[in-house]
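Numbering (the numbering used here), first residue to last: 17 to 303. So the structure is just underneath, and the comments pick up after that.
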């Protein structure tokens with residue numbers, strides 16, 4: 017794969033399957049993989065993609081599988097630039113169908129590019145890692161930083177960022193539907209039909225969605241929110257963000273008809289600091 021990331025010892029783990037879904041029975045006759053929040057963790061991404069390719073080859077299917085990325089490719093982790101380069105390469109060369117969804121962190125990066133003076137909070141909290149990955153060097157942003165400093169940083173980023181990266185970031189859709197599943201970054205507002213969901217909710221929603229037992233027309237597969245290195249399987253949703261930038265664990269769900277499986281790429285150096293993952297967290301109500 018394109019990109020030269022930091023050498024990190026990565027282990028691929030196949031988790032035990034969740035119980036067969038009772039609600040979602042169709043993936044349109046194909047295997048579907050969905051990847052959680054990457055956040056600049058290039059070594060995990062590279063290893064997970066190799067595992068997915070091997071899984072596809074072993075399955076020997078007639079219909080090309082679908083690979084969905086649920087957003088948040090940038091920020092926090094150290095290798096945003098390499099991650100975006102790899103995703104663009106994948107879009108051009110993969111032998112399977114690929115969909116890249118927008119995450120709230122892509123929105124914040126684009127907001128910085130378009131209105132840098134409004135992005136001091138992002139620069140201090142999450143954006144520094146992204147700019148550094150593109151070779152933009154700067155000291156910590158002072159609390160009384162002037163707008164001019166933000167514009168200078170934006171201009172330096174634009175000098176360093178390939179045009180293909182900006183085009184990629186601006187062209188990301190918000191949702192994707194396949195069979196009985198809908199894929200989105202953060203989730204959806206309970207009680208609102210999928211077709212009428214607000215983009216802001218799809219990118220930012222939290223507790224209102226996570227604590228709801230509302231059953232949408234389709235099972236929602238999402239990232240954005242994590243509490244451990246374990247994916248979550250509930251009757252109305254599957255959560256696949258496992259905090260890669262903090263836990264060292266990047267997860268993908270594997271859907272095929274009623275079957276729900278998981279692949280994980282775990283950094284030995286980071287995953288040792290979190291509890292061992294035994295399998296997905298599953299609601300007593302099943303899928």
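Each residue gets a CB set at the ideal place from its N, CA and C atoms; glycine is no exception.
| task | Report yes if the CB atom of residue 93 is closer than 8 angstroms to the CB atom of residue 121, and no otherwise. | result | no
| task | Give a yes or no on contact between the stretch 72-92 and the stretch 34-52, applying the rule of three or more CB pairs nearer than 8 angstroms. | result | yes
| request: Report the option in 95, 216, 68 and 88 whose CA atom is closest to the CA atom of residue 110. | output: 68
| Residues bridged to residue 194 by DSSP? | 197
| message | What does DSSP give as the partner residue(s) for residue 214 in the beta ladder? | response | In DSSP, residue 214 forms no bridge with anything.
| message | So within the stretch 213-288, which uninterrupted beta strand (DSSP E) runs reach at least 3 residues, ignoring any that extend past its ends? | response | 235-238, 253-255, 265-272 and 275-283
| request: In angstroms with no decimal places, state the Cα-to-Cα distance between residue 291 and residue 265. | output: Below a pLDDT of 50, predicted positions are generally treated as unreliable, and residue 291, at 47, falls in that range; the measurement from the model is reported next regardless. Near 11 angstroms, if we compare the C-alpha coordinates of residue 265 and residue 291.
| Reference residue 137; option with closest CA among 91, 95, 171 and 179 | 91
| query | Assuming residue 169 contacts residue 132 under a Cβ cut-off of 8 angstroms, what Cβ separation, rounded to an integer in Å, is found between them? | reply | 7 angstroms
| task | With DSSP as the reference, label residue 26 as helix, strand or coil. | result | strand
| said: Counting beta carbon pairs with one atom in the stretch 29-39 and one in the stretch 270-278, are three or more of them shorter than 8 angstroms? | reply: yes
| Of the residues 239, 280 and 271, the one placed nearest residue 43, counting alpha carbons only | 271
| task | Quick one: residues in its chain with C-beta nearer than 6 angstroms to the C-beta of residue 269, no 5 flanking neighbours on either side, listed in chain order? | result | 50, 254, 256 and 278
| said: Threshold first: 3 residues or longer. Then list the beta strand (DSSP E) segments lying entirely within the stretch 89-174, N to C. | reply: 113-116
| Along the chain, where does the beta strand (DSSP E) that runs through residue 65 open and close? | Careful: residue 65 lies outside any beta strand (DSSP E), inside the alpha helix (DSSP H) at 58-75.
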